[in-house]
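In my numbering, the protein residues as written are 3 to 575.
A quick write-up on the structure given underneath.
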Ligand code: HAS
Ligand code: HEM
Ligand code: CU
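Laid out in structure tokens, this is it:
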């Protein structure tokens, strides 16, 4: 062996072939459903990029037949990409990984039930979306009002993810009982911590939808308080971005070093990172509401500092995964301060996808810190800068990583093979280049003052003609075309792979690509470091996380409730 004695973790053996096949099948259903949503969602993106390129295609006969308005398209794009694609992918990914890592047997009936319920929720919500009865954008701020079906479907879909939380946490607790004194293996640890974070985060949106929006949309109550709803939405809405990106971190930490030919740097450090996210992801949501009334500046400022604090585990990730990549490159003979980077396997899409996703996230994260700074926020808030920010976070850091994962996970689950490394590689690189150009164009337009969420191409004559935005407009339009090509390439590879012949069970040909470790956490709590022992009791840390959210949101919501003002719904579409 090239390296240290700490070999990559062996997957515990599952000898029941029927059970393993069923576990793989349910995971595959989640992943394929996710990519079907992404396929539809992503096809709308280039139309929006053309809009921000000053070209209005929404008046053409085909689009007029397909979409009632720019906003119906934008609602579909936001919901399918950001809410549906992510949640389905993550539910499959973070159910399968801990089940394999711990070697525990899960109740397959419950797993299938959860998948079917989540899909039923999706289909319920899809009906009003497709019939222009829920053109509310993916944030569905009241008093804009949609069909009750939309809210009920959304509640069922999000609620189903909490069933996955229940199943994974129960699996972990059972493993702890069966293995007293043992340290939880790293991948399972990251999954359980992320699911626990999501359970705390999801409470806001669940309360909003179940107690405020559903009764209101059904006409049981006369009105809704827009600010209470919006505050509950962002309780979930910021933390949801970590629910989208931590599953990518899991791949960056645990599997990317393997694809690069290197090692994980330190397991205790990874565990610390995830505990920091568990504690600190949620009580920061007010950084989306700096412009809102009736929330005191004191609370906004506290959430701002907590936002800076939650950037730290991402910075830890940057340096620690960066070190893992350098380790890999030097093991392949890389030299020099930066020259080692040339030795990384850039032509391998299972490597380039997550790494290019990370490179985009350096800029996306830096932009996030600008957004969070209350002094800069008024400049960028509600401008095209913001979609610039999140297409290099969720649109690339998350999406490109998930695309890269699919290239080895689908062969692992199905026993099929990736049809073409070259095409997959081309899809990955064009996505990266397209999104970088897109981000440049959109950030730039935002700084000039172009608003987000607007059919700006239709108003160009009157409002935007004299603004110096020709160059960023052109960049945005071009990026949309690059991204269209990229998406077509990727989906071609994906579907050719899915429709090809099954060759084996995938276990030997495409095993889970666990990486070796330089500093492992150890097997037994007795001999483990203080950091490992501190991070192990996740149930207690989960309680602390909930307490922190109640502390940071309780007084804010109490004041809003004391001044509640119920207003009737609006239908603007
Ligand atoms: Fe954000 C708005 C602040 C991260 C997504 N964000 C959004 C919206 C979305 C979104 C969707 O404070 C729009 C919501 C809407 O529709 O209104 N965001 C932040 C901050 C972070 C952040 C401080 N955002 C994310 C992530 C997202 C995401 C992650 C999705 C996945 N964001 C904001 C704010 C707003 C906002 C305000 C509201 C704006 C407004 O005015 O409306 C931080 O978590 C970022 C920390 C990240 C870093 C970067 C670490 C870098 C890493 C990679 C290293 C790379 C390596 C590779 C090592 C500090 C880990 C090296 C390569 C070699 C070859 C060697
Ligand atoms: C919004 C383009 C892929 C999530 C937008 C906007 C543009 C755009 C121009 C801004 C629209 C506006 O503010 O009026 C594209 C292109 C894509 C793409 C060209 C690639 C082909 C993605 C992906 C995701 C995503 C992969 C997430 C996984 C979103 C979200 C919004 C958005 C959440 C905000 C919707 C809203 O403001 O309500 N997209 N996008 N997009 N995009 Fe994308
Ligand atoms: Cu946020």
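Backbone N, C-alpha and C define an ideal beta-carbon position, used for all residues, glycine too.
Between the alpha carbons of residue 344 and residue 390 lies a distance of about 29 Å. Residue 385 carries a strand assignment under DSSP once its states are collapsed to helix, strand and coil. With a cut-off of 7 Å, the C-beta of residue 246 is classified as near the ligand HAS, since at least one heavy atom of the ligand falls inside that distance.
Per DSSP, reduced to three states, the secondary structure at residue 521 is strand.
Residue 199 holds the alpha-carbon nearest to the alpha-carbon of residue 167 among 477, 378 and 199.
Counted as a single uninterrupted DSSP element, the beta strand (DSSP E) harbouring residue 268 occupies residues 265-268.
Contact between the stretch 252-271 and the stretch 216-233 is not established, with fewer than three Cβ pairs separated by less than 8 Å. Restricting attention to 147, 82 and 105, the CA atom closest to the CA of residue 125 is found in 82. Relative to the ligand CU, the nearest heavy atom lies less than 7 Å away from the CB of residue 290. About 51 Å separates the Cβ atoms of residue 499 and residue 570, ruling out a contact at the 8 Å cut-off. With contacts defined by Cβ atoms closer than 8 Å, residue 43 and residue 87 form a contacting pair. Secondary structure at residue 273: helix, using DSSP grouped into helix, strand and coil. The three-state reading of DSSP puts residue 554 in helix, counting H, G and I together.
Residue pairing from DSSP places residue 526 in a beta bridge opposite 184. For residue 50, the Cβ falls inside the 7 Å cut-off from some heavy atom of the ligand HEM. Apart from sequence neighbours up to five positions away, the residues of its chain that approach residue 155 with a beta-carbon distance below 6 Å are 123, 126 and 127, ordered along the chain. Burial check for residue 111: the Cβ neighbour count within 10 Å stays below 16, so the residue is exposed.
Rounded to the nearest whole angstrom, the CA to CA distance from residue 98 to residue 65 is 39 Å.
Residue 408: member of the alpha helix (DSSP H) spanning 401-416, first to last residue. Counting the other CB atoms within 10 Å of its CB gives residue 143 a total below 16, which places it among the exposed residues. Taking a cut-off of 8 Å for Cβ pairs, the stretch 222-229 and the stretch 558-567 touch, as three or more such pairs fall below it.
Of the candidates 351, 547 and 271, the residue whose Cα lies closest to the Cα of residue 316 is 271. Inter-residue distance for residue 17 and residue 189 is about 21 Å (C-alpha atoms, whole angstroms). For residue 543, the distance from the CB to the nearest heavy atom of the ligand HAS is not below 7 Å.
In this structure, the alpha-carbon of residue 431 lies about 40 Å from that of residue 147. Taking a cut-off of 8 Å for Cβ pairs, the stretch 409-426 and the stretch 490-509 touch, as three or more such pairs fall below it.
Between residue 522 and the set 255, 63 and 176, the nearest pair of CA atoms involves 255.
Between the stretch 367-386 and the stretch 446-456, the count of C-beta pairs closer than 8 Å reaches three or more; the two stretches touch. Judged by DSSP in its simplified three-state form, residue 222 adopts coil rather than helix or strand.
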